[in-house]
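Anchor point for the sequence shown: position 70 equals 1221 in my numbering, and the numbering is continuous, going up by one each time.
Here a beta-carbon is modelled for each residue, glycine too, at the ideal position from N, C-alpha and C.
Have a look at the structure below, then the notes.
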Amino acid sequence: MERFETIVVGAGVAGLTAARLLASEGRDVVVLEARDRVGGRVVTDRRYGIPTDMGASWIHGITGSPVAAAAEAFGMRTAEFTVGGYQPDGRPIAYYGPDGTRLDDAAAQRYIDDIHTVDATLLDVISDSAPDASYRDVTEEALAAQGWDDERTQRVREYLEHRSEEQYGAWIEDLAAHGLDDDFIEGDEVVFPDGYDRLPRRLAEGLDIRLIHVVSRVSWGGDGVVVTTDFGSFSADDIVITVPVGVLQSDGFVLDPPLPASHAEPLGRLRMNAFEKVFLGFRTKFWDDDVYAIRQQGPEGRWWHSWYDLTPLHDEPTLLTFAAGPAAVETLDWSEEAIVDSVLAQLRRLYGDAVERPIRVHVTDWQDDPFSYGSYAYMAVGSTTSDHDDLAVPIGGVLHLAGEATWTDDPATVPAAMLSGHRAAQNVLGREVPIERAWG
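Given below as structure tokens:
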């Protein structure tokens, strides 16, 4: 049995950050990774010669972001592509009404103003909400306070439903009232035309990483840890576990003894989402010029309601849409062709026969991934914002949890993963260490 000072489980950004920082301080570290690659939920597909990020895509706000600093240090090329969350404005958006006709500027602005009005009301409603309130509960209260007619109310209601789905891949009734408290982005947002996976590949350089090592059991106690994999066992003084919430909650990943209530309870209030990407590349661009996004209102937009124009990234006509929440669950077992047909049917409502079949298609399948069981975690009804940080409290001086779901300020992001890895490394060391050492 090989022995180390620290074992890190998971070679995603959280695990790689923790391992690099520990190694920079002279710690003897091994990283055990179930996949045949590093990066975790940061993965880039290049099958068509165009880097396509199947997992994480954006740095949502480069101001003060450690990921932005690391990307700059690693010489990663970026392109500004500010999303601002699922916001109604800020970038040119082509809105289409329930009948498939594009709204004129005045109608679009009235709709946008209604969304801002409800959002302003939501601040106090969420603050005063009950512990078991859902995002549906608080949004319905905010809508009712406006006194609008049914049609006007419904347009904003469906927008709020889509926001819940696109931000957290969860149906509005399953998301906690405070589930979107972090829906604020500071600074420009950027994407990586050459692929986000360059970040974990650079972070992995020089580390002892054992790929295709599936961890099935972690036995821990006062004398250290023993980790069981399909390639034998490893022991260490302590361990940093960075696997996603879906794996922590699965039967295939056993902690012996189980997590104490202080950690098991907040973990039990988190869920992995249903959120898949659908990239469609076309020979010619049939949609509006100078438009960042296309959105359709009404019942036809129940699943496919938003498309994002990625053409500027590689000068290739490309739209990105999401199967999020119920749409992702319903289409889980669909063929790629069936998903494409369903998306194209909605695009043809807006653009008619100009919509051709795509020549490039990527459809993700994170829900079926046995090493994540979803794209990222969200706060289920009954959860509190402190549940994230509570998971990261060291256990017995031996067991440390890290990853995007353990960071309160901006969970479900790569910066959250990186910052959580930094915190875990400092907890293991018992002292502060500059995060810049992860890339410096």
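Hey, which unbroken runs of the beta strand (DSSP E) at 3 residues or more fall wholly within the segment 1415-1479?
-> Listed in chain order, they are 1421-1423, 1426-1432, 1444-1447, 1457-1460, 1469-1475.
Span separating the alpha-carbon of Val1189 from that of Asp1389 = Straight-line spacing of the CA atoms in Val1189 and Asp1389 works out to 22 Å.
Boundaries (first-last residue) of the alpha helix (DSSP H) holding His1573 = Taken as a continuous stretch (DSSP letters only), the alpha helix (DSSP H) holding His1573 covers 1565-1580.
State yes or no: is the C-beta of Pro1344 nearer than 7 Å to some heavy atom of the ligand MN?
-> Looking for the ligand MN in the displayed structure turns up nothing, as the structure carries no ligands at all.
Val1189, DSSP secondary structure in three states = Val1189 carries a coil assignment under DSSP once its states are collapsed to helix, strand and coil.
Does the segment 1482-1494 touch the segment 1506-1516, meaning 3 or more C-beta pairs lie closer than 8 Å?
-> Remark: three or more beta-carbon pairs, one from each stretch, lie closer than 8 Å, so the segment 1506-1516 and the segment 1482-1494 are flagged as touching.
In terms of DSSP beta bridges, what is Trp1371 paired with?
-> DSSP, once it has assigned bridges, lists Val1376 as partnering Trp1371.
Kindly indicate which three-state DSSP category His1329 falls into: helix, strand or coil?
-> His1329: coil per DSSP, three-state reduction.
His1329 and Met1530 closer than 8 Å at C-beta | In this structure, His1329 places its C-beta atom within 8 Å of the C-beta atom of Met1530.
Are Ala1169 and Ala1567 touching if we call contact CB-CB under 8 Å?
-> No, the Cβ-Cβ distance between Ala1169 and Ala1567 is not below 8 Å.
Within its chain, find whatever has a CB closer than 8 Å to the CB of Gly1533; leave out the 5 residues flanking it on each side and keep chain order.
-> Closer than 8 Å at the Cβ level, and outside the excluded window around Gly1533, lie Pro1282, Asp1283, Ala1327, Arg1420.
With 16 other CB atoms within 10 Å as the buried threshold, where does Pro1408 fall?
-> Here Pro1408 is exposed, its C-beta having fewer than 16 other C-beta atoms within 10 Å.
In terms of alpha-carbon separation, which member of Asp1279, Thr1393, Asp1196, Ile1201 lies closest to Leu1183?
-> Here the closest residue by C-alpha is Thr1393.
Express the C-alpha separation of Val1377 and Ala1224 in angstroms, rounding to a whole number.
-> The straight-line gap separating the alpha-carbon atoms of Ala1224 and Val1377 is approximately 36 Å.
Using the Cα positions of Glu1316 and Gly1236, report the straight-line distance between them to the nearest angstrom.
-> Going by the C-alpha atoms only, they are around 12 Å apart.
According to DSSP, which residues form a beta bridge with Tyr1247?
-> Bridge partners of Tyr1247: Arg1253, Gln1447.
Closest Cα partner of Glu1231 within the set Asp1300, Ser1208, Asp1256, Gln1238 = When only C-alpha atoms are compared, the closest one is Ser1208.
Residue range of the beta strand (DSSP E) that Gly1383 falls in?
-> Gly1383: member of the beta strand (DSSP E) spanning 1383-1392, first to last residue.
Confirm, please, whether the CB-CB distance from Phe1522 to Arg1186 is below 8 Å.
-> In contact: Arg1186 and Phe1522 (Cβ atoms closer than 8 Å).
Does the beta-carbon distance from Glu1427 to Phe1473 come in below 8 Å?
-> Using a Cβ distance threshold of 8 Å, Glu1427 and Phe1473 count as a contacting pair.
Assign Leu1362 to one of three DSSP states: helix, strand, or coil.
-> Here Leu1362 sits in coil by DSSP.
Three-way DSSP call (helix, strand, coil) for Tyr1286 in this model | Shown here, Tyr1286 sits in a helix according to DSSP, grouped into three states.
How far does the alpha helix (DSSP H) with Lys1540 in it reach, from first residue to last?
-> Looking at the sequence shown, residue 1540 is not Lys but Asp. 1537-1542 is the extent of the alpha helix (DSSP H) around Asp1540.
Hey, how far is the Cα of Asn1578 from the Cα of Pro1545?
-> Distance between the alpha carbons of Asn1578 and Pro1545 is about 7 Å.
Please say whether Gly1226 and Gly1373 have beta carbons closer to each other than 8 Å?
-> The Cβ atoms of Gly1373 and Gly1226 do not sit closer than 8 Å to each other.
Please determine, among Asp1300, Leu1294, Gly1298, the residue with the shortest C-alpha to C-alpha distance to Tyr1310.
-> Taking each of Asp1300, Leu1294, Gly1298 in turn and checking the Cα distance to Tyr1310, the smallest one comes out for Leu1294.
Inspect the beta-carbon positions of Thr1557 and Leu1542 and report whether they are closer than 8 Å.
-> Result yes, Cβ atoms of Thr1557 and Leu1542 sit closer than 8 Å.
Residue from Asp1538, Gly1452, Leu1483 whose Cα sits closest to the Cα of Ser1413 = Of Asp1538, Gly1452, Leu1483, the residue nearest in Cα terms is Asp1538.
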